[in-house]
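Asker: Sharing a structure with you now.
Protein chains: 2
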Amino acid sequence: MSGTRGVLVSLQRCVFVISGQGQGLFRSKRMSTESAVKRCLRTYSSAMYRSAYSRGESVSVLGSVNRAAKMSTVSGKETGLLFRQLLDYKSYTYTYLLADPVSRIAVLIDPVIDMVDRDVALVRDLGLDLKYAVNTHVHADHITGTGEIKKRVAGCKSLISKVSTAKADVHISEGDVIKFGPYQLDCYSTPGHTDGCMSLVLRSEGLVFTGDAVLIRGCGRTDFQQGDAGKLYDSVHTKILSLPRFFKLYPAHDYTGQTSSTVGEELQHNQRLTRTRDEFIKIMHNLNLPYPKQIDKALPANMVCGVFDASQ
Amino acid sequence: MSGTRGVLVSLQRCVFVISGQGQGLFRSKRMSTESAVKRCLRTYSSAMYRSAYSRGESVSVLGSVNRAAKMSTVSGKETGLLFRQLLDYKSYTYTYLLADPVSRIAVLIDPVIDMVDRDVALVRDLGLDLKYAVNTHVHADHITGTGEIKKRVAGCKSLISKVSTAKADVHISEGDVIKFGPYQLDCYSTPGHTDGCMSLVLRSEGLVFTGDAVLIRGCGRTDFQQGDAGKLYDSVHTKILSLPRFFKLYPAHDYTGQTSSTVGEELQHNQRLTRTRDEFIKIMHNLNLPYPKQIDKALPANMVCGVFDASQ
Numbered sequence: 560m561s562g563t564r565g566v567l568v569s570l571q572r573c574v575f576v577i578s579g580q581g582q583g584l585f586r587s588k589r590m591s592t593e594s595a596v597k598r599c600l601r602t603y604s605s606a607m608y609r610s611a612y613s614r615g616e617s618v619s620v621l622g623s624v625n626r627a628a629k630m631s632t633v634s635g636k637e638t639g640l641l642f643r644q645l646l647d648y649k650s651y652t653y654t655y656l657l658a659d660p661v662s663r664i665a666v667l668i669d670p671v672i673d674m675v676d677r678d679v680a681l682v683r684d685l686g687l688d689l690k691y692a693v694n695t696h697v698h699a700d701h702i703t704g705t706g707e708i709k710k711r712v713a714g715c716k717s718l719i720s721k722v723s724t725a726k727a728d729v730h731i732s733e734g735d736v737i738k739f740g741p742y743q744l745d746c747y748s749t750p751g752h753t754d755g756c757m758s759l760v761l762r763s764e765g766l767v768f769t770g771d772a773v774l775i776r777g778c779g780r781t782d783f784q785q786g787d788a789g790k791l792y793d794s795v796h797t798k799i800l801s802l803p804r805f806f807k808l809y810p811a812h813d814y815t816g817q818t819s820s821t822v823g824e825e826l827q828h829n830q831r832l833t834r835t836r837d838e839f840i841k842i843m844h845n846l847n848l849p850y851p852k853q854i855d856k857a858l859p860a861n862m863v864c865g866v867f868d869a870s871q
Numbered sequence: 560m561s562g563t564r565g566v567l568v569s570l571q572r573c574v575f576v577i578s579g580q581g582q583g584l585f586r587s588k589r590m591s592t593e594s595a596v597k598r599c600l601r602t603y604s605s606a607m608y609r610s611a612y613s614r615g616e617s618v619s620v621l622g623s624v625n626r627a628a629k630m631s632t633v634s635g636k637e638t639g640l641l642f643r644q645l646l647d648y649k650s651y652t653y654t655y656l657l658a659d660p661v662s663r664i665a666v667l668i669d670p671v672i673d674m675v676d677r678d679v680a681l682v683r684d685l686g687l688d689l690k691y692a693v694n695t696h697v698h699a700d701h702i703t704g705t706g707e708i709k710k711r712v713a714g715c716k717s718l719i720s721k722v723s724t725a726k727a728d729v730h731i732s733e734g735d736v737i738k739f740g741p742y743q744l745d746c747y748s749t750p751g752h753t754d755g756c757m758s759l760v761l762r763s764e765g766l767v768f769t770g771d772a773v774l775i776r777g778c779g780r781t782d783f784q785q786g787d788a789g790k791l792y793d794s795v796h797t798k799i800l801s802l803p804r805f806f807k808l809y810p811a812h813d814y815t816g817q818t819s820s821t822v823g824e825e826l827q828h829n830q831r832l833t834r835t836r837d838e839f840i841k842i843m844h845n846l847n848l849p850y851p852k853q854i855d856k857a858l859p860a861n862m863v864c865g866v867f868d869a870s871q
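Those protein sequence lines, which keep their order, are chains A and B.
Using our numbering, the final residue of the first sequence is 871, and nothing's skipped along the way.
Using our numbering, the final residue of the second sequence is 871, and nothing's skipped along the way.
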């Protein structure tokens with residue numbers, strides 16, 4: 560069986576391994592899924608799994624299996640991505656915590672300085688190994704928590720786009736990937752709200768984190784910080800709204816109490832982005848929004864991971 | 560093949576049907592999943608699917624298939640439950656919208672009167688058939704949106720527990736189920752915060768909606784509205800925290816910006832509910848919380864679906 564790819568399927572309390580040719584390779588007796596999977600793994604040479612998963616194939620029903628497969632994961636009890644959406648009520652910012660349930664490696668997207676206590680406590684409660692704290696862009700409405708988090712979580716690195724020119728441990732550009740266990744966030748450059756805006760796509764789960772490029776039924780403003788409505792329109796249509804329609808869309812902000820949308824929904828119902836490019840530019844130029852309250856503190860702080868130099 | 564149960568599995572752009580005995584029944588050539596599934600359904604008698612799904616078996620990878628299977632669902636593009644979490648910033652209330660993506664039948668849990676515009680617009684955007692608007696209990700902190708929603712959405716019924724003695728179209732009790740498509744919410748009586756508190760369990764998806772019985776790292780107060788700390792402790796431990804540990808837990812409120820938890824997490828980290836019963840009662844009796852601001856308006860309104868009688 561070495562080299563044969565297989566998929567674990569659970570049905571009627573039996574576990575099957577089905578080969579890439581649809582051949583039934585293994586069928587356990589009726590037993591708890593956990594016992595069945597253990598037996599399955601003992602029966603087959605580890606070579607099969609190395610082969611199956613070296614190509615990054617994910618398992619259908621029973622969640623990710625890797626060489627250090629933990630039974631609690633493959634038993635189906637903790638399948639797939641660990642995902643939490645967190646909110647800062649003051650700036651209406653959404654922070655996202657993503658983790659691989661097997662390796663416990665975690666990524667935090669757009670953490671806010673005022674909520675670092677909560678976020679670090681949650682990472683610890685869940686027994687996660689927080690490796691990356693990413694900013695989708697240099698925020699103007701809140702101070703990032705990445706600097707503070709790095710002080711408290713050993714080994715955690717801050718990430719932001721190279722184009723933003725902000726300080727961080729790692730600078731990301733289009734085409735880069737952020738890996739955590741078998742998962743990866745693909746980095747896309749989506750300028751227009753700012754030059755350095757990135758959107759992150761978790762293809763295997765059908766998720767896109769759009770920062771301020773796309774908001775639910777809206778989009779980020781383009782009247783400061785290198786804002787450019789035409790550029791935003793192009794970014795959004797070529798990189799975000801071109802994704803499969805069922806992809807779930809998670810923005811960095813929402814002001815109406817909605818927590819997510821989908822690419823398809825925005826293609827149908829987003830009153831700004833469904834217009835023509837010229838109409839969109841006209842709308843964006845006539846928004847007449849007030850000056851953002853936090854901007855004079857947030858921008859300089861966010862150029863340095865939100866970390867204040869006591870000597871300044 | 561009539562009467563044989565099967566599971567649809569997608570692997571390497573082929574679609575397989577695997578029988579309950581692990582036998583490969585069908586394998587398509589490499590083609591788009593949607594085409595493959597169409598071919599699969601044509602090849603097999605519909606009797607197989609009636610048999611497979613009359614027992615409520617859900618499909619592994621490709622989402623739910625029912626008798627009126629729509630190809631967009633079985634293609635894997637819109638698999639499984641449609642679920643949205645919505646927030647009212649004023650009362651920190653979470654409203655939940657659940658729907659079957661095939662029949663479009665939807666349920667709304669704990670809608671808030673101030674957010675009815677948003678909720679009805681979302682139901683319409685998503686092309687849903689909102690049948691039920693449920694209150695987990697008679698809320699003291701906000702006025703329910705169920706009455707207003709019923710005026711705007713023809714055929715939508717309001718639900719609340721019989722024990723609450725509040726007016727509604729349908730009174731639910733422990734053991735009742737709220738069905739929408741192939742999904743069902745099992746109703747559990749979880750008194751203690753109020754006598755009429757219900758928790759709703761969507762077993763097939765591993766979700767529990769706890770109202771105010773369990774909050775993330777906390778629980779509802781027990782100092783008014785028939786509150787009883789001992790009763791709450793018993794309810795929570797026998798009906799909610801006895802669920803599988805991986806079940807996701809969605810409360811009616813959160814004040815720290817968290818959106819969900821799991822049964823396992825609360826069993827480990829909830830500082831109140833992990834105590835002994837006596838310790839818990841002592842904690843709850845010494846909370847010394849301020850009188851809820853909205854209570855004098857909310858309680859009488861929520862006894863009548865939030866609908867104000869102009870003659871009063």
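By construction, the Cβ of each residue, glycine as well, lies at the ideal position given by its N, Cα and C atoms.
Bear in mind that the values here come from a model prediction, so they are computed numbers and not experimental data.
Among the residues of its own chain, which have a CB less than 6 angstroms from the CB of F642(B), if the five just before and after it don't count?
Answerer: L657
Asker: Does the beta carbon of T818(B) come closer than 9 angstroms to any beta carbon on chain A?
Answerer: yes
Asker: Count the other CB atoms within 10 Å of the CB of H696(A); is the residue buried (16 or more) or exposed (fewer)?
Answerer: buried
Asker: Considering A658(A), what are the terminal residues of the beta strand (DSSP E) in which it resides?
Answerer: T652 to A658
Asker: Can you tell me whether DSSP reads S720(B) as helix, strand or coil?
Answerer: strand
Asker: Using DSSP with H/G/I as helix, E/B as strand and the rest coil, what is S794(B)?
Answerer: When DSSP states are grouped into helix, strand and coil, S794(B) belongs to the helix group.
Asker: Quick one: give me the first and last residue of the beta strand (DSSP E) that F768(A) is part of.
Answerer: Annotation: the continuous beta strand (DSSP E) that includes F768(A) extends over L766 to G770.
Asker: Where does D673(A) fall in DSSP's three states?
Answerer: helix
Asker: Using C-beta distances below 6 angstroms, list every residue in its chain close to L718(B), excluding the 5 sequence neighbours before and after it, in chain order.
Answerer: Y691, V693, A727, V729 and I731
Asker: Buried or exposed for V736(B), going by 16 or more other Cβ atoms inside 10 Å?
Answerer: With fewer than 16 other beta carbons inside 10 angstroms of its own, V736(B) counts as exposed.
Asker: Work out the CA separation of G755(A) and V722(A) for me, nearest whole Å.
Answerer: 5 angstroms
Asker: The alpha helix (DSSP H) with H828(B) in it runs from where to where?
Answerer: V822 to H828
Asker: Chain A beta carbons: is any one of them nearer than 9 angstroms to that of D787(B)?
Answerer: no
Asker: Can you give me the Cβ contacts of L848(B) inside the same chain, cut-off strictly under 8 angstroms, excluding the 5 residues immediately before and after it?
Answerer: R780 and D782
Asker: Kindly give me the distance between the Cβ atoms of T703(A) and P670(A), rounded to whole angstroms, as I take these residues to be in contact under 8 angstroms.
Answerer: That belief holds up - the Cβ atoms of T703(A) and P670(A) are roughly 7 angstroms apart, short of 8 angstroms.
Asker: How is the alpha helix (DSSP H) around L858(A) delimited, first residue to last?
Answerer: I854 to N861
Asker: What are the residues that DSSP puts in a beta bridge with K807(B)?
Answerer: L766(B) and T821(B)
Asker: CB-CB under 6 angstroms to N880(A), same chain, minus the five flanking residues each way: which ones, in chain order?
Answerer: The first residue shown for chain A is 560 and the last is 871, placing residue 880(A) beyond what the model contains.
Asker: Q644(A) touches chain B at which residues, Cβ-Cβ below 7 angstroms?
Answerer: T818
Asker: Please report how far the alpha carbon of S662(A) lies from the alpha carbon of L646(A), in whole angstroms.
Answerer: Near 26 angstroms, if we compare the C-alpha coordinates of L646(A) and S662(A).
Asker: Residues of chain B with CB closer than 7 angstroms to the CB of K707(A), please, in chain order.
Answerer: A quick correction: the sequence has Glu, not Lys, at residue 707(A). Within 7 angstroms Cβ-Cβ: nothing; E707(A) doesn't reach chain B, min ~16 angstroms.
Asker: What is the residue span of the alpha helix (DSSP H) that I668(A) lies within?
Answerer: I668(A): not part of any alpha helix (DSSP H); member of the beta strand (DSSP E) spanning I664 to I668, first to last residue.
Asker: Are F839(B) and L832(B) closer than 9 angstroms when you measure CB to CB?
Answerer: yes
Asker: F739(A) bridges to which residues according to DSSP?
Answerer: Y742(A)
Asker: When you compare the CB of T815(B) with every CB in chain A, is at least one pair closer than 9 angstroms?
Answerer: With 9 angstroms as the cut-off, T815(B) counts as an interface residue toward chain A.
Asker: Report, in whole angstroms, the separation of the C-beta atoms of M757(B) and S748(B), which I expect to be a contact under 8 angstroms.
Answerer: Distance from M757(B) to S748(B) at the Cβ level is roughly 6 angstroms; contact confirmed, criterion being Cβ atoms closer than 8 angstroms.
Asker: If I measure Cβ to Cβ from L640(A) and keep anything under 7 angstroms in the same chain, skipping five residues before and after, which residues do I get?
Answerer: L657, Y742 and E764
Asker: Just checking my contact of F739(A) with I664(A) at CB under 8 angstroms: how many whole Å lie between their CB atoms?
Answerer: 4 angstroms
Asker: Closest to D745(B) by CA distance: which of I799(B), H698(B) and G865(B) is it?
Answerer: I799(B)
Asker: Which one of H844(B), D813(B) and Y792(B) has the shortest CA to CA distance from L826(B)?
Answerer: Y792(B)
Asker: Less than 9 angstroms separating the beta-carbons of M813(B) and Y655(B)?
Answerer: Going by the sequence as given, residue 813(B) is Asp instead of Met. Going by C-beta atoms, D813(B) is not nearer than 9 angstroms to Y655(B).
Asker: Does the beta carbon of Q853(B) come closer than 9 angstroms to any beta carbon on chain A?
Answerer: no
Asker: To the nearest whole angstrom, what separates the beta carbons of H752(B) and A772(B), a pair I think is in contact under 8 angstroms?
Answerer: 6 angstroms
Asker: Tell me which same chain residues have a C-beta within less than 7 angstroms of the C-beta of M862(B), skipping the five on either side of it?
Answerer: V697, A725 and K726
Asker: Alpha carbon to alpha carbon, what distance is there between T835(B) and K841(B)?
Answerer: Each residue's Cα considered, the two are about 10 angstroms apart.
Asker: For chain B, find out if any of its Cβ atoms is closer than 9 angstroms to the Cβ of L774(A); answer yes or no.
Answerer: no
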